[in-house]
Structures are given as structure tokens and as C-alpha cells.
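Peer 1: Residue numbers (UniProt numbering): 1 to 274. Glycine included, each C-beta is placed from N, C-alpha and C at the ideal position. Every value quoted in this text rests on a predicted model; they were computed, and no experiment measured them.
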Amino acid sequence: MTDLSHPTLPGSLPDKRQVAASFSRAAASYDSVAALQRAVGLALLGQLPDALAPARWLDMGSGTGHFSRVLAERFAASEGVAVDIAEGMLRHAREQGGAQHHVVGDAERLPLREASIDLLFSSLAVQWCGQFASVLGEARRVLRPGGVMAFSSLCVGTLDELRASWQVVDGLVHVNRFRRFEDYQRLCAESGLELIGLQRRPHVLHYPDVRSLTHELKALGAHNLNPGRPSGLTGRARMQGLLQAYEQFRQPQGLPATYQVVYGVLRKPMAEGL
Ligand SMILES: C[S@@+](CC[C@H](N)C(=O)[O-])C[C@H]1O[C@@H](n2cnc3c(N)ncnc32)[C@H](O)[C@@H]1O
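Dropping the structure here:
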């Protein structure tokens, strides 16, 4: 995704067709490697306000639908909508139940009516959206007054060990770029939604070797899609360089990969403009 601290670089916006194709390809492998995604989504569910009883919820960027199924169980009397930009992910999710409706759509231009949703849940999807302000604008449009948006995302600091190791090798863009936490703070403050909570928490995963990490990113569909990424296969010498550079980060548990996770909970005011 694009680092919005450089909003004047439209050429570096991610190509959404590539994002959709990459996640569609990953639909079958995603669940087997999604430990971090599970932990983050669960932590986000834990931040929902008590006594929430949505008539209709939206799982935005629903992926394989794991959290759609959790939401369907938790809010058994409610109606669920799953939206994702990747048709392959939705196909996979639909087969397993959860939401009643599976709709292909973009978080920056939701294919939903205004004031039609009571809970907008979105875990680890909006880091793929170039314009988070548009995501918040859409949330404000589709939420009913009093409705809640709960999102998790990634910010600067994520995968820095991998980024720094590639920097030693060739200085090219090998790792997705992320928005700064301060930009999440500012955009949420300007959104017209009430901020209930916004925090950043590091999650560190450990891998026996670099290949396990890069294979996992590929199986998730979350490998580097940025313009400026190197094309073609990674040469043996450069790969050797990467393995060597990453070793400087090794800890007793293995090679660390840090994810800086943003958790946000917002509410649409009961009466707008008051
Ligand atoms: C890392 S997966 C997370 C899936 C699920 N929320 C979870 O926690 O397991 C990110 C998902 O966001 C979707 N996505 C990316 N950009 C999107 C956009 N602009 N609008 C809607 N979905 C998007 C991807 O297709 C993918 O399924």
C-alpha cells in the first residue's frame, strides 16, 4: 500500500486489480498461515463496545470469511454482509457460511446504501486502501446514527526487519509501504466520527528462516505489490545477501518479523453536526 505521508505521489498508489488478483489466488492457502490475522481480529472483537446488538453488520475486506462466521455466531439474530475486493476470497467465504450476503466491492466506494449498517468490522484490510479518508467517509455514509466502526490495520514499522535487510542488498522496494500512525490519528480526528479508541500495538512473529517468512507473505496474498518493486526472480546472490543481512536480527526464538498493528473504534454521532 501507499504511505500517505507522501500524498503527492499518485504513481505509487497500489493497483487494486493486482491486489484483488493476488488475494483471490491466495484464497485456498490463506487460512493455513493466518495466525497473526486471527490474533489481530480477535483482539479487535474484544474492543467492541459492550451491549452492541447490531441489526446488520458488515465485514469489510472479509477475506476467507473467518470473522464473518465469528460475527454471525456472536450476533445470531442479525444480518451479515461480507464485502471484499477479491472475488476469489468471497467465493471461498460463501461456501463456508457466515454472512448472508457476499458482495464484491471496494472499501473506498462501498456498494451499500447510506445508513444501512450498525456495525462495520474490518480487520487488516484498509492498509491496502490508498485513501483512508475515503474509507472513513464511506463508513460515515453507510453507518446508521450511533453505528460503530471497528478496524485494524498496519502502520509504519511493519516488516521493518525485512525492509532493512533488503536495503542492505539493493535498496529497491521489496516490502509494502504503510501509512504512519500519526496519519491514522489525524484522519480519524477529521472523519466526523466520534473516536472511542485508537492505539498501536506491536505483534512480533518468529520464523526459523527468511524463506518461511516470504513464503507465508505469498500464501497470504500479502507480498509486495508496490510500484517500483523489482520484477522477475530474485537472483541467488541477492537472496544470499538477504539471508545474511536478516541474520543480524536473529533472537533466541528465531528471526523476528514485527507488525505494528493499529486498532481503531469509532462511532457515528446520533445527530450529525451537533
Ligand atoms: C489480510 S486479508 C484480511 C482478511 C480478513 N479480514 C481476516 O482478518 O482474515 C485482507 C483482505 O482485504 C481485501 N481488500 C484489499 N483491499 C480492499 C479494498 N480496497 N476493498 C475491500 N477489500 C479489500 C483483500 O482482498 C483481502 O481479502
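Which residues in the same chain as Ala245 place their Cβ atom closer than 7 Å to its Cβ, once the five residues preceding and following it in sequence are excluded?
Peer 2: The answer, listed in chain order, is Ser165, Val168 and Val169.
Peer 1: From Ile54 to Ile117, what distance separates their C-alpha atoms?
Peer 2: With the sequence shown as reference, residue 54 is identified as Pro, and Ile is not the correct amino acid for it. Their backbone Cα atoms lie some 8 Å apart in a straight line.
Peer 1: Using only the heavy atoms of ligand 1, determine whether one of them is closer than 7 Å to the beta carbon of Met149.
Peer 2: Checking every heavy atom of ligand 1 against the Cβ of Met149, none is found closer than 7 Å.
Peer 1: Use the C-beta contact count for Asp59: other C-beta atoms within 10 angstroms, 16 or more gives buried, fewer gives exposed.
Peer 2: Counting Cβ neighbours within 10 Å, Asp59 comes out buried, since at least 16 surround it.
Peer 1: Less than 8 Å separating the beta-carbons of Ala28 and His92?
Peer 2: Contact: yes.
Peer 1: Quick one: Cα of Glu194 to Cα of Met270, how far?
Peer 2: If you take the alpha carbons of Glu194 and Met270, they lie about 10 Å apart.
Peer 1: Helix, strand or coil: how does DSSP classify Ala271 here?
Peer 2: In the structure shown, Ala271 sits in coil (DSSP, three-state: anything other than H, G, I, E or B).
Peer 1: Could you name the residues of the same chain whose beta carbon sits closer than 8 Å to that of Phe31, not counting the 5 residues immediately before and after it, in chain order?
Peer 2: According to the sequence shown, residue 31 is Asp rather than Phe. These residues qualify, in order along the chain: Thr64 and His66.
Peer 1: Taking all protein chains shown into account, do 16 or more other C-beta atoms lie within 10 angstroms of the C-beta of Asp204, making it buried, or fewer, making it exposed?
Peer 2: According to the sequence provided, residue 204 is Val. The question's Asp does not apply to it. Its Cβ having fewer than 16 others within 10 Å, Val204 is exposed.
Peer 1: Taking Leu243 as the reference, which of Glu114, Leu266, Leu213 and Gln131 has the closest Cα?
Peer 2: Among Glu114, Leu266, Leu213 and Gln131, the Cα nearest to that of Leu243 belongs to Leu213.
Peer 1: From which residue to which residue does the alpha helix (DSSP H) around Ser152 run?
Peer 2: From DSSP, Ser152 is part of no alpha helix (DSSP H) but of the beta strand (DSSP E) over Leu143 to Leu154.
Peer 1: Within the same chain, show all residues whose beta-carbon is closer than 7 Å to that of Ala26, passing over the 5 residues directly before and after it, in chain order.
Peer 2: Only Ala219, Leu220 and Gly221 meet the Cβ criterion.
Peer 1: Scan the segment 10-52 and note each continuous alpha helix (DSSP H) run of 4 residues or more that stays entirely inside, going in chain order.
Peer 2: Entirely contained in the segment 10-52, the alpha helix (DSSP H) runs reaching 4 residues are, in chain order, 16-25, 27-30 and 35-45.
Peer 1: Leu42: buried (16+ other C-beta within 10 angstroms of its C-beta) or exposed?
Peer 2: Exposed.
Peer 1: Taking only heavy atoms of ligand 1 into account, decide whether any of them is closer than 7 Å to the Cβ of Ala35.
Peer 2: No, since every heavy atom of ligand 1 falls outside the 7 Å radius drawn around the Cβ of Ala35.
Peer 1: Which residue marks the beginning of the beta strand (DSSP E) containing Phe121, and which one marks its end?
Peer 2: Ile117 to Ser123 is the extent of the beta strand (DSSP E) around Phe121.
Peer 1: I want to check one thing, is the minimum distance from the CB of His206 to the heavy atoms of ligand 1 below 7 Å?
Peer 2: It does not: the Cβ of His206 is nowhere closer than 7 Å to a heavy atom of ligand 1.
Peer 1: At 4 residues or longer, and completely inside the segment 151-230: list those alpha helix (DSSP H) runs for me, N to C.
Peer 2: Those alpha helix (DSSP H) runs which fall completely within the segment 151-230 and span 4+ residues are 160-169, 181-189 and 210-220.
Peer 1: Is Glu108 helix, strand or coil when you go by DSSP?
Peer 2: The answer is coil: DSSP assigns Glu108 none of H, G, I, E or B.
Peer 1: Helix, strand or coil for Gly235 per DSSP?
Peer 2: If DSSP states are grouped into helix, strand and coil, Gly235 belongs with coil.
Peer 1: Distance check for Arg201 and Leu45, CA to CA, integer angstroms please.
Peer 2: Answer to the nearest angstrom: the Cα atoms are 15 Å apart.
Peer 1: Does the segment 143-156 come into contact with the segment 173-187, if we say contact requires no fewer than three beta-carbon pairs (one atom in each stretch) closer than 8 Å?
Peer 2: The segment 143-156 is in contact with the segment 173-187.
Peer 1: When every heavy atom of ligand 1 is checked, does at least one fall within less than 7 Å of the C-beta of Cys129?
Peer 2: Indeed, a heavy atom of ligand 1 lies less than 7 Å from the Cβ.
Peer 1: Are the beta-carbon atoms belonging to Glu161 and Ala35 less than 8 Å from one another?
Peer 2: No, Cβ-Cβ distance for Glu161 and Ala35 is not below 8 Å.
Peer 1: Taking C-beta to C-beta, are Lys16 and Pro145 nearer than 8 Å?
Peer 2: No; because the gap between Cβ atoms is not below 8 Å, this pair is not in contact.
Peer 1: I'd like the list of long-range same chain contacts for Gln185, defined as Cβ closer than 8 Å, with 5 residues on each side in sequence excluded.
Peer 2: These residues qualify, in order along the chain: Leu198.
Peer 1: Looking only at C-alpha atoms, which of Leu120, Gly98, Val83 and Gly97 sits nearest to Val104?
Peer 2: With distances taken between Cα atoms, Val104 lies closest to Val83.
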